[in-house]
Every structure is written in structure tokens, then in C-alpha cells.
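First the structure, in the form of C-alpha cells, and then the observations on it.
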Amino acid sequence: MQKPQPWTLLANIGQLLTLRAPSAKPGPRRRSDLKELGIIHDGAVLFVGNKIVSLGATKDARCDPWIRKRRKQIVEIDCAGKVVIPGLVDSHTHPVFLNPRLVDFEKRIAGASYEEIAAAGGGIGSSLESVRTAAKSALTEKVVAVLRDMAAHGTTTVEAKSGYGLTVASELKSLESIRDGASQWAGTVVPTLLGAHVVPKEFKGCSQKYVEIVCTEMIPRAARRKLAQFVDVFCDQGAFTAEEAEQVFVAARQHGFSVRAHMGQLSETKLAPFLRFDPASFDHMDHVSEDDIAQLRGRDTVATLVPGANHFLGLKDYPNARRLIDAGVPVALATDYNPGTSPTISMPMAMSLACTHMKMSPAEALAAATINGAWALGLGHRKGSIEPGKDADFAVFDVKDYREIPYWFGANHCALTVLNGVIESQN
Ligand SMILES: [Zn+2]
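Terminal number for the sequence shown in the numbering used here: 780, no gaps in between.
Below, the structure is given as C-alpha cells:
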């Protein structure tokens with residue numbers, strides 16, 4: 354893997370979206386703060402190693418005596434009027450699987466529902482066998498390929514879940530493949546144990562036994578080996594009940610994990626009982642009550658919306674982002690990259706769907722895909738905005754205006770990515 358450059362100046366940036374904090378209070382962006390992009394026109398950013406040192410107008414950088422004195426040591430990248438944004442933060446992905454689910458894809462097109470596909474042996478359950486029998490190196494190879502593809506689309510920080518093994522050994526193997534994959538990639542990977550993804554078929558009718566294995570074996574062993582930062586649970590019909598999800602959270606907390614959960618994708622689950630665990634994020638949130646939205650107001654638990662899943666499932670309805678944003682709930686966007694319901698690695702695509710189907714403005718979609726994603730991973734102090742002292746994570750888009758990023762859907766206009774100070778050109 355490449356080493357970060359010593360001193361680098363990105364100059365002649367048409368629009369530099371800093372996303373700098375609009376107020377002194379740290380934390381995820383809410384309401385009208387979500388639209389504050391802190392744009393500098395004809396901007397420049399100086400970074401050394403993996404840290405941002407300073408930023409401002411290009412003409413000020415040119416006459417800065419400190420920069421002038423070190424001209425020879427500084428590598429300059431001419432951005433030629435392109436748009437520079439903080440590296441995109443994909444805070445919800447499932448990259449540890451081997452095969453696409455093409456039969457499910459065809460069945461769904463022919464009219465089968467998510468539940469019908471699962472009942473016919475498709476869905477999450479159908480990815481298990483290949484992951485259980487795969488060599489760790491094969492899984493690692495897949496993870497690395499996906500991370501590289503994500504970086505090519507502007508993503509520099511990725512949350513990566515296990516969850517297609519669902520045995521102690523294969524969940525630990527999946528987490529190891531995330532760790533090994535992350536070590537071959539310059540960006541930042543946040544690993545999550547999703548042992549409670551679905552109840553595997555060998556535990557059909559006795560889900561409690563499986564939950565016990567998750568709580569007493571998977572979680573403690575992942576903790577001991579420091580293989581994950583978060584524990585996640587899929588709480589919904591066809592997956593785990595609210596009581597089971599609480600058990601998983603109790604065990605996770607006991608072993609020092611932060612928690613996050615898939616909530617309200619297919620049906621509503623009351624969120625209030627989970628707030629005592631201080632979840633970093635509730636993800637999906639298609640079905641959520643006014644009462645629960647009121648409970649989330651003012652808290653730092655982020656609502657992570659994944660419109661790629663609604664799109665790929667051909668749903669008419671999308672999560673009600675406006676209701677959440679207007680109520681003061683912090684909203685993030687992620688791809689939910691997975692083989693069954695959202696096979697996309699593109700954050701710009703997720704942003705485009707958020708604009709067209711969830712009525713988020715391009716500015717809100719950008720903040721949700723950067724700074725609020727960072728807060729959803731507990732990394733808001735390091736990632737998600739371009740400010741001195743933060744990590745040197747940038748995506749350079751070959752467009753004149755940031756609104757073009759969600760506008761040109763389905764095309765990749767990312768020209769260059771900087772991951773923890775490491776420059777990767779996409780050309
Ligand atoms: Zn998911």
C-alpha cells in the first residue's frame with residue numbers, strides 16, 4: 354500500500370465543500386444545519402501525511418509566506434476548477450459475501466416479495482453456504498475489491514458488517530476478512546459484528562438458542578479478539594424480535610461494544626426501549642412512529658437511510674427523510690451494499706435517490722453522506738468535513754457544481770480520491 358505524501362496542496366478547486374461546523378457545538382447536523390456546506394470558491398487545501406493542515410482561497414495559499422518557503426517540498430495538485438468534497442462515508446455496508454443473487458433478482462422482477470423469496474430458500478439464507486465454506490483469503494479478496502471500487506466512487510470511510518456466515522466460526526472468519534481487507538486499503542474501515550442478521554435455518558423455530566450463541570459466544574469472542582467496533586442486529590419480521598434484539602444489545606454493551614440496529618425496514622418496531630443503549634444509529638427507518646421521532650429529537654442517534662434498498666426492491670415508498678430532518682433527527686445516507694437488496698457501492702447514487710425520492714436537497718444529501726455518516730460511526734471528530742486537524746480524506750469530482758454529483762445519476766464523475774493522505778487517481 355502507498356504511503357501518504359509528505360506535503361500536498363490541492364489548489365484551484367472550483368468549489369471546496371468544507372462542511373465545517375456551523376456552530377461550536379460538536380455533533381451530527383440537524384434541521385437547517387444539514388444544508389450548511391461551508392463552500393470556498395477557488396479554494397485550496399494543504400495536508401501533511403494523513404492530516405489536514407490548512408485551507409482557504411488558492412490566491413491566499415499562493416502568497417502565504419510559510420507555503421512559499423516550502424514550495425519545493427510541497428507537491429501541488431491542480432484541481433482545475435473541479436469540486437472537492439470530504440471523502441464520502443458509507444456507514445452501512447455488507448461486503449462479506451461471494452456471489453450475486455441473480456435468481457432472487459429474477460424472481461422479484463417476476464413479482465415475488467422479499468418474504469416469499471426468503472421462504473423459497475433465497476434471501477440472506479442463500480448466501481450462507483458459500484461464506485461458511487469459503488477460505489478466508491477468498492472473502493478478503495472480495496472485501497478488498499469492493500473497498501477499491503468504493504474509493505473509485507469517492508468513498509474513503511466504510512462501515513463493514515459480517516452477517517452471511519451465522520456460525521461462530523464463519524462470523525469470526527468474516528470479521529477477520531474485513532480486518533485483512535482493511536489492511537490492504539488506504540481508507541478507514543469500521544467493522545461491525547452482525548451475527549444477528551437472520552435466524553439460520555438450522556435454528557428455525559428455536560431462535561432463542563441462536564440468540565444465546567450470538568450473546569454468549571460470538572460477541573465475547575469478537576470482543577476478546579478486538580475484531581469489531583459495533584454490534585448490529587436486524588430487528589424486523591422474519592429476523593429478530595424486539596426482545597431478542599434487546600438481549601443482543603445487553604450482551605454487546607457488557608462486552609464494550611457500541612450498538613446500531615436495522616430498524617423499521619419491513620415493519621415498525623418501537624424504538625424507545627432501545628434508547629438506553631445509546632445506539633449510534635438506527636438504519637432503514639421506513640416505518641417509524643411520530644412518538645419515536647419525538648424521542649429521537651435532540652439525541653445523537655443517527656437515522657441512517659438507505660434508499661438503494663427501496664430502489665432495488667422496486668418499492669413505491671421511501672423513508673420519510675423530510676419528517677425526520679424537520680423534527681431535528683440527524684439523518685445520514687449509506688449504500689447498504691449487499692447482494693440481496695442493494696448491490697451498489699455508489700454513494701453518489703444513494704444521494705441521487707435521496708434527492709429524487711426522499712426530497713432531500715443536494716446540499717442535505719451531501720452532508721448526510723459525509724459528516725453525518727461520520728457521526729453515525731462515532732468518527733465525527735476525525736472524518737466527514739474538511740477542517741484543520743481532521744483526516745486528509747477527499748473526493749475530487751470532475752464537475753463544476755456540487756449539485757451535479759447527485760444530478761448525473763448512474764455515472765461516476767469521481768476523478769481522484771485521497772484516503773488518509775494517500776492519493777488514488779481514478780484515471
Ligand atoms: Zn443492512
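Cβ coordinates follow ideal geometry from the N, Cα and C atoms, glycine included.
Report the three-state DSSP secondary structure of residue i (helix, strand or coil).
i, result
"residue 439", "strand"
"residue 392", "strand"
"residue 313", "Residue numbering for the chain in the displayed model covers 354 to 780; residue 313 lies beyond these limits and cannot be assessed."
"residue 755", "coil"
"residue 376", "coil"
"residue 427", "coil"
"residue 549", "strand"
Closer than 8 Å: is that where the CB of residue i sits relative to any heavy atom of ligand 1?
i, result
"residue 449", "no"
"residue 773", "no"
"residue 495", "no"
"residue 551", "no"
"residue 403", "no"
"residue 659", "yes"
"residue 636", "yes"
"residue 639", "no"
"residue 417", "no"
"residue 583", "no"
"residue 691", "yes"
"residue 593", "no"
"residue 587", "yes"
Just the Cα atoms here: how many angstroms apart are residue i and residue j?
i, j, result
"residue 744", "residue 673", "32 Å"
"residue 544", "residue 524", "12 Å"
"residue 420", "residue 496", "39 Å"
"residue 439", "residue 372", "8 Å"
"residue 776", "residue 398", "14 Å"
"residue 598", "residue 423", "56 Å"
"residue 521", "residue 467", "26 Å"
"residue 683", "residue 676", "11 Å"
Take residue i and list the residues in its own chain whose beta-carbon comes closer than 6 Å to its own, dropping the five residues that flank it on each side.
i, result
"residue 639", "617, 618, 672"
"residue 369", "393, 396, 437"
"residue 707", "660, 686, 713, 718"
Could you say which of the options lies nearest to residue i if we only look at CA atoms?
i, options, result
"residue 596", "564, 579, 575", "564"
"residue 382", "692, 680, 481", "680"
"residue 404", "412, 749, 741, 727", "741"
"residue 365", "526, 408, 377, 384", "408"
"residue 387", "533, 762, 765, 717", "717"
"residue 413", "385, 748, 362", "362"
"residue 730", "604, 416, 445", "445"
"residue 653", "449, 768, 631", "631"
"residue 501", "476, 471, 762, 540", "540"
"residue 702", "588, 736, 751, 757", "757"
"residue 615", "684, 600, 656", "656"
"residue 700", "636, 694, 685, 588", "685"
"residue 454", "754, 722, 665, 566", "665"
"residue 662", "635, 692, 644", "692"
With a threshold of 7 Å on Cβ separation, who are the neighbours of residue i within its own chain once the five nearest residues in sequence on each side are excluded?
i, result
"residue 481", "517, 518, 519, 553"
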